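Novice: Just passing along the structure, written as structure tokens.
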């Protein structure tokens with residue numbers, strides 16, 4: 002019998018697989034195995050089974066274990082393979098990093114089992130001593146409701162585990178293991194009345210559900226996009242395949258812990274379908290359970306952040322991506338994928354529809370959705386995006402807020418607040434309405450400055466300034482995490498009277514407290530929302546009208562729906578207008594539209610005040626008109642002239658090391674190789690990014706630009722192996738970013 | 009060498025504030041009036057001096073109307089300014105005077 006050789010992908014930074022003999026085990030493609038590699042035991046995934054090897058068979062080792070689970074189905078495997086190729090990332094690392102942590106470990110992956118409890122038929126209550134009150138209570142409850150879950154019992158008393166253990170021992174209660182999918186809430190919420198636009202959109206999508214079709218759902222803030230997802234998904238989920246197995250859907254969201262409302266709405270409206278979430282806020286045990294529920298097909302709805310785009314889902318019938326423009330869909334380390342692009346590929350491979358939803362679509366998507374299919378273009382047969390527009394707010398009589406710019410050059414601010422904004426805040430307060438102040442900087446002040454000698458506190462490891470966190474009396478670097486005490490005196494001249502300069506959330510909160518002592522003010526930023534449930538608790542408070550003014554960073558900008566919030570103030574966004582990143586304008590516009598969209602979502606009209614020194618800027622002009630379409634088309638024209646994405650395609654080679662000379666040398670060698678390879682790709686000279694130093698490493702980067710993905714990929718395919726083989730490649734840190742978002 | 013010794017009445021004080029590292033800081037204006045000898049001739053002198061006390065000294069009861077005597081050094085208000093500020097190193101408050109004023 003010929004030997005069976007397994008090609009195994011391992012989590013090592015080498016772009017190849019490794020051959021092992023199967024030993025006495027039976028393995029399939031997609032099986033998890035344990036192998037000994039370079040003296041360590043590693044978990045790997047079988048990617049191929051062959052009968053021959055390029056290596057002498059007698060020298061091959063055998064795998065030391067094969068797990069029973071097949072962790073990747075064919076489709077997911079194909080998707081990851083595509084991504085590893087496209088993003089030029091080692092397949093083994095791509096595969097392993099798509100697994101939950103527990104499945105990457107050698108010890109058997111177990112998650113705590115969950116049980117449901119029922120009362121035994123012959124339970125004799127008299128056996129329970131009368132003083133065991135809790136046991137009596139639980140028995141009484143179980144009598145009325147068999148199959149109580151742990152969550153339900155947890156509500157009875159914190160000591161339920163001990164009580165139930167005794168009951169189980171007495172054989173009075175039977176246990177049954179259940180899949181740990183969180184119990185859905187009873188379907189209390191009724192479907193709201195749809196307006197004609199919404200109905201039209203839903204009909205449009207439901208007319209084409211059995212093939213690949215990308216939809217862009219372009220709806221203004223508050224236009225009821227979530228309702229459309231729910232109603233469309235409801236129809237999809239009701240489909241059953243030939244074996245009677247229900248369909249699955251994948252809902253991608255930017256940051257789930259920021260949008261608990263979305264999850265709650267899905268849970269209550271689609272309560273008949275089991276739902277799991279996948280995001281970084283879960284414990285590893287929960288994550289494994291949810292992942293297994295998704296990959297077994299038991300969970301019908303998966304709501305997750307970017308990583309969940311790789312979750313195997315055997316009956317996937319539709320992908321929905323909310324806030325598709327959000328930059329958190331882009332992975333910034335390891336395999337630098339963009340979840341939107343990966344989701345698109347996945348939908349195409351599975352031949353299913355995908356809905357991208359946003360009030361301010363990314364220009365890439367807008368370009369795809371609006372550019373006419375060009376016959377001369379290479380991608381003429383590319384699937385045209387369907388553009389679905391929602392132009393009205395869903396709540397009747399709710400209109401878009403009025404946006405005004407406050408010229409802070411003309412009306413000077415008092416601790417960052419212009420008189421107009423203060424007046425508007427007082428008005429809301431007296432009317433009992435809520436306000437939101439948006440400032441995208443956490444801490445007390447962005448700079449600590451000595452006005453005797455002009456010294457500012459720098460981070461020793463990054464090209465950045467330390468941010469003042471006054472309540473803790475610390476200076477923090479928001480880039481590398483460096484922290485130090487606030488110095489008693491200026492290290493340069495000895496002056497003790499140093500001043501925090503500029504505005505940030507803590508300072509604004511303090512200013513407001515002094516200015517409006519009667520107001521109930523809450524601050525929302527990464528510092529105040531450390532706790533897992535802090536944001537959910539705060540949102541509840543806001544809904545219960547226990548907060549008058551919210552001060553917060555972008556955490557507040559996304560997806561929240563506060564009916565009584567009528568004023569949004571935007572403090573200090575001008576820095577984005579100077580940025581050298583060509584996407585800064587697009588991002589600022591999207592962010593301001595999102596924030597502005599928090600105002601006046603219900604019957605009360607909203608108002609947005611933006612404090613800026615440049616009220617005449619073209620961006621504010623289109624923003625005031627809330628005219629995304631003009632803004633996007635203008636931007637696209639600019640990109641066309643400049644030949645920037647989405648018109649062209651970028652790849653960025655980043656390099657960093659302690660010694661800048663090595664970085665320079667590496668990039669120069671890389672350039673020389675690239676210029677020898679004949680191609681239509683434009684190779685720019687190396688430059689330093691805005692953050693020249695980060696975490697103590699000197700950085701530089703090399704930009705490649707091409708008119709087609711194909712040309713770019715062709716060059717990269719030849720270039721990457723040669724770069725990897727450079728002696729310096731092993732000495733410094735470097736990475737390749739395809740379609741980079743940040744420069 | 010940079011030492012100034014001067015006495016006078018506290019004309020106005022700002023609310024006490026704290027440096028980012030937590031040191032108390034009090035800014036005040038000292039009104040000075042005296043007779044001095046210049047070129048062998050007696051003359052009257054009046055001036056107002058901006059002063060600042062940092063650290064424990066800022067917690068002393070410096071109030072409007074206090075008659076005080078201070079010793080300190082002069083420094084620019086900021087790198088961009090040519091105004092001088094007296095930084096207080098030593099301070100004597102004439103308690104009796106203060107009490108009389110407040111009665």
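Chains as they are written, first to last, in the working numbering: chain F, 2 to 744; chain H, 9 to 111.
Positions of the beta carbon are idealized from the N, C-alpha and C atoms, including for glycine.
Treat the numbers as computed from the prediction; the structure is a model and nothing was measured.
Determine the contact status of residue 399/F and residue 586/F, defining contact as a CB-CB distance below 8 Å.
Specialist: Translated into the one-based positions of the first chain, residue 399/F becomes position 398. Translated into the one-based positions of the first chain, residue 586/F becomes position 585. No, the Cβ-Cβ distance between residue 399/F and residue 586/F is not below 8 Å.
Novice: Rounded to the nearest angstrom, what separates residue 704/F and residue 698/F at their Cα positions?
Specialist: Numbered from 1 along the first chain, position 703 holds the residue referred to as residue 704/F. Numbered from 1 along the first chain, position 697 holds the residue referred to as residue 698/F. Cα to Cα, the separation comes out at about 19 Å.
Novice: Are the C-beta atoms of residue 501/F and some chain H residue less than 8 Å apart?
Specialist: Stepping through the first chain from its first residue, residue 501/F is reached at position 500. Residue 501/F counts as touching chain H.
Novice: Count Cβ pairs between the segment 400–408 of chain F and the segment 229–242 of chain F that sit closer than 8 Å; are there 3 or more?
Specialist: The segment 400–408 of chain F vs the segment 229–242 of chain F: no contact.
Novice: If the cut-off is 9 Å on Cβ atoms, which residues from the segment 28–52 of chain H count as contacting chain F, listed in chain order?
Specialist: Flagged, chain order: 28, 29, 30, 31 and 33.
Novice: Specify the secondary structure class of residue 24/H as computed by DSSP and reduced to three states.
Specialist: The sequence position of residue 24/H within the second chain is 16, counting from 1. It is coil, neither helix nor strand.
Novice: Taking Cβ-Cβ distances shorter than 9 Å, what residues in chain F pair up with residue 61/H?
Specialist: Position 53 of the second chain, counted from the start, is the residue given in the question as residue 61/H. In chain order: nothing, as chain F lies at least about 11 Å away.
Novice: List, in chain order, every chain F residue whose beta-carbon is nearer than 8 Å to that of residue 87/H.
Specialist: As a first step, residue 87/H must be located in the second chain, where it is residue number 79. The answer, in chain order, is 452, 453, 454 and 455.
Novice: Taking C-beta pairs closer than 9 Å, name the residues in chain H that residue 488/F reaches, listed in chain order.
Specialist: As a working note, residue 488/F is residue 487 in the first chain. Under the 9 Å cutoff, chain H gives 28 and 29.
Novice: Pairs of beta-carbons, one from the segment 707–716 of chain F and one from the segment 613–632 of chain F, closer than 8 Å: are there three or more?
Specialist: Because the criterion of three Cβ pairs below 8 Å is not met, the segment 707–716 of chain F and the segment 613–632 of chain F do not touch.
Novice: Check whether the Cβ atoms of residue 436/F and residue 568/F sit closer than 8 Å, and answer yes or no.
Specialist: The residue you call residue 436/F lines up with position 435 of the first chain. The residue you call residue 568/F lines up with position 567 of the first chain. Yes. Within cutoff.
Novice: Is the segment 663–673 of chain F touching the segment 725–740 of chain F, taking contact as three or more C-beta pairs under 8 Å?
Specialist: As far as the Cβ criterion goes, the segment 663–673 of chain F touches the segment 725–740 of chain F, which means the pair count is three or higher.
Novice: What is the DSSP secondary structure of residue 538/F, reduced to helix, strand or coil?
Specialist: Here the question's residue 538/F lines up with position 537 in the first chain. In the structure shown, residue 538/F sits in a helix (DSSP, three-state: H, G or I).
Novice: Measure the beta-carbon distance from residue 386/F to residue 88/F and round it to whole angstroms, keeping in mind my assumption that it falls under 8 Å.
Specialist: On the first chain, position 385 is the one that residue 386/F refers to. On the first chain, position 87 is the one that residue 88/F refers to. Not quite, the Cβ-Cβ distance comes to about 23 Å (not below 8 Å), so this is no contact.
Novice: In its own chain, which residues sit with a C-beta less than 7 Å from the C-beta of residue 39/H, not counting the 5 before and 5 after it?
Specialist: For the purposes of this step, residue 39/H is identified with residue 31 of the second chain, where counting begins at 1. 16, 17, 19 and 56, listed in sequence order.
Novice: Could you check whether the Cβ of residue 424/F sits closer than 8 Å to any Cβ belonging to chain H?
Specialist: Along the first chain, read from residue 1 onward, the residue named residue 424/F stands at position 423. No, residue 424/F lies away from the interface with chain H (no Cβ there is under 8 Å from its Cβ).
Novice: Any idea what DSSP makes of residue 77/H, helix, strand or coil?
Specialist: Counting from 1 along the second chain, the entry for residue 77/H is found at position 69. The answer is strand: DSSP assigns residue 77/H an E or B state.
Novice: So, do the segment 505–522 of chain F and the segment 24–44 of chain H have three or more beta carbon pairs nearer to each other than 8 Å?
Specialist: No: the two stretches stay apart, fewer than three of their Cβ pairs being nearer than 8 Å.
Novice: On the premise that residue 80/F lies in contact with residue 20/F, defined as a C-beta separation below 8 Å, what is that separation, rounded to the nearest angstrom?
Specialist: Along the first chain, read from residue 1 onward, the residue named residue 20/F stands at position 19. Along the first chain, read from residue 1 onward, the residue named residue 80/F stands at position 79. So it is not a contact: roughly 24 Å between Cβ atoms.
Novice: Tell me which residues share the same chain as residue 84/H and place their Cβ nearer than 8 Å to its Cβ, disregarding the 5 neighbours each side in the sequence.
Specialist: Counted from its first residue, the second chain places residue 84/H at position 76. Correct list, in chain order: 90, 91, 92 and 93.
Novice: Should residue 66/H go down as buried or exposed, given a rule of 16 or more other Cβ atoms within 10 Å for buried?
Specialist: Locating residue 66/H in the second chain gives position 58, counting from the first residue. Flag for residue 66/H reads buried.
Novice: Between the segment 612–620 of chain F and the segment 561–580 of chain F, can you find at least three pairs of beta-carbon atoms closer than 8 Å?
Specialist: Verdict: yes, contact present.
Novice: Anything in the segment 456–477 of chain F with a Cβ closer than 9 Å to a Cβ of chain H? List those residues in chain order, please.
Specialist: Hits within the stretch, in order: 469, 471, 474 and 476.
Novice: For the segment 300–316 of chain F against the segment 68–78 of chain F, do three or more pairs of beta-carbon atoms, one drawn from each stretch, fall closer than 8 Å, so that the two count as touching?
Specialist: At 8 Å Cβ cutoff, the stretches touch.
Novice: Among the candidates 743/F, 486/F and 240/F, whose CA atom is the shortest distance from the CA of residue 690/F?
Specialist: Along the first chain, one-based indexing puts residue 690/F at 689. Ranking the options by Cα distance to residue 690/F, first place goes to 743/F.
Novice: If the cut is a Cβ gap below 8 Å, which residues of chain H does residue 498/F touch?
Specialist: By one-based count along the first chain, residue 498/F stands at place 497. Neighbours of residue 498/F on chain H, chain order: 27, 33, 60 and 62.
Novice: Can you find a CB in chain H that lies within less than 8 Å of the CB of residue 449/F?
Specialist: Reading the first chain from its first residue, position 448 is the one you call residue 449/F. Output row for residue 449/F: interface = yes.
Novice: Which residue wins for smallest C-alpha separation from residue 32/F, given the options 332/F, 532/F, 44/F and 25/F?
Specialist: Locating residue 32/F in the first chain gives position 31, where the first residue counts as 1. For residue 32/F, the nearest C-alpha among the options comes from 44/F.
Novice: Tell me the start and end of each unbroken beta strand (DSSP E) in the segment 203–253 of chain F that is at least 3 residues and wholly inside, in chain order.
Specialist: Counting only runs of 3 or more, we get 214–220 and 249–253.
Novice: Looking only at C-alpha atoms, which of 360/F, 372/F and 320/F sits nearest to residue 349/F?
Specialist: By one-based count along the first chain, residue 349/F stands at place 348. Of the listed residues, the one whose Cα sits closest to residue 349/F is 320/F.
Novice: When you compare only the Cα positions, how much space is there between residue 747/F and residue 193/F?
Specialist: This structure leaves residue 747/F out entirely; chain F is present only between 2 and 744.
Novice: Measuring CB to CB, does residue 252/F end up less than 8 Å from residue 303/F?
Specialist: Walking along the first chain from the start, residue 252/F turns up at place 251. Walking along the first chain from the start, residue 303/F turns up at place 302. In this structure, residue 303/F lies closer than 8 Å to residue 252/F by Cβ.
Novice: Relative to the C-alpha of residue 306/F, which residue among 133/F, 566/F and 328/F is closest?
Specialist: Working through the first chain from its first residue, we reach residue 306/F at position 305. Taking only the C-alpha atoms, the option nearest residue 306/F is 328/F.
Novice: Keeping to the same chain, check which residues put their C-beta closer than 6 Å to that of residue 108/H; ignore five residues upstream and five downstream.
Specialist: Working through the second chain from its first residue, we reach residue 108/H at position 100. Below a pLDDT of 50, predicted positions are generally treated as unreliable, and residue 108/H, at 44, falls in that range; the measurement from the model is reported next regardless. Within the same chain, residue 108/H has no close Cβ partners at all.
Novice: Mind checking who residue 56/H pairs with in its DSSP beta bridge?
Specialist: Numbered from 1 along the second chain, position 48 holds the residue referred to as residue 56/H. Bridge partners of residue 56/H: 39/H.
Novice: When the Cα atoms are used, what is the spatial distance from residue 388/F to residue 682/F?
Specialist: The residue given as residue 388/F occupies position 387 in the first chain. The residue given as residue 682/F occupies position 681 in the first chain. When rounded, the distance between both Cα atoms is 32 Å.
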